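In this note's numbering, the protein residues as written are 2 to 180.
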């Protein structure tokens, strides 16, 4: 009370804070768990869908890499199911088995494994050496310059000439009587 020593009050306050902080932490974990579970489930679903996709832009990804993604998703889903079953048997007054930080870490691990595979660039097709040969041959076949000036404009085919545009005529100003 009012006549207690300051050290006694501090120790009592520290003990109460420890109990209060634990309760606040459990409440936070309980309230945020469902939202974070959805994030993890969505990530698992998104990566499983990616591993099964047949889109052209991902056709270069090998089956072994797709299997890595599928295996990681299956393992994450099984671990989540096991942990949820254990968590459902616990009371709200116990420290949770599944934490928001733990779920976020699982999402991050899954993303770190799968994102590099998804973003693997498609190999560029090898250029055909045949295409370069005609250009080189065409360059060597050019006739030597005859001293004539090069044409300023390319020759136009007959009947495709554009009609000459007439210069714009100034419009006569209208005389307005303002009475």
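Built from N, CA and C at the ideal position, the CB exists for glycine as well. Since this is a predicted model, take the numbers as computed values, not measurements.
According to DSSP, is residue 63 part of a helix, a strand, or is it coil?
coil
Out of 128, 70, 127, 93, state which residue places its alpha-carbon closest to the alpha-carbon of residue 25.
Looking at the Cα atoms, 93 is the closest of the given residues.
I need the straight-line Cα distance from residue 58 to residue 108, nearest angstrom please.
24 Å
Alpha carbon to alpha carbon, what distance is there between residue 42 and residue 66?
21 Å
Would residue 48 and residue 111 be called neighbours here (beta carbons separated by less than 8 Å)?
yes
Is the distance from the Cβ of residue 45 to the Cβ of residue 115 below 8 Å?
Not a contact, by the Cβ cut-off of 8 Å.
Rounding to the nearest angstrom, what Cα-Cα distance links residue 61 and residue 52 in this structure?
12 Å
Mind checking which residues open and close the alpha helix (DSSP H) that includes residue 99?
Note, residue 99: premise wrong, no alpha helix (DSSP H); not H, not E.
Just to confirm my understanding: we take residue 11, look at its own chain, exclude 5 residues before and 5 after, and list those with CB closer than 6 Å. What are they?
none
Going by Cα to Cα distance, which pick from 50, 79, 38 is closest to residue 101?
Distances from the CA of residue 101 to each of 50, 79, 38 were compared; the closest alpha carbon is that of 38.
So is residue 17 buried or exposed if we call it buried at 16+ other beta carbons inside 10 Å?
exposed
Suppose contacts are defined by Cβ-Cβ distances below 8 Å. Is residue 27 in contact with residue 96 by that definition?
yes
Buried or exposed for residue 3, please, with buried defined as at least 16 other CB atoms from any protein chain shown within 10 angstroms of its CB.
exposed
Might you give, ordered along the chain, the residues of its own chain that have their beta carbon closer than 7 Å to the beta carbon of residue 7, omitting 5 neighbours on each side?
No residues qualify anywhere along the chain.
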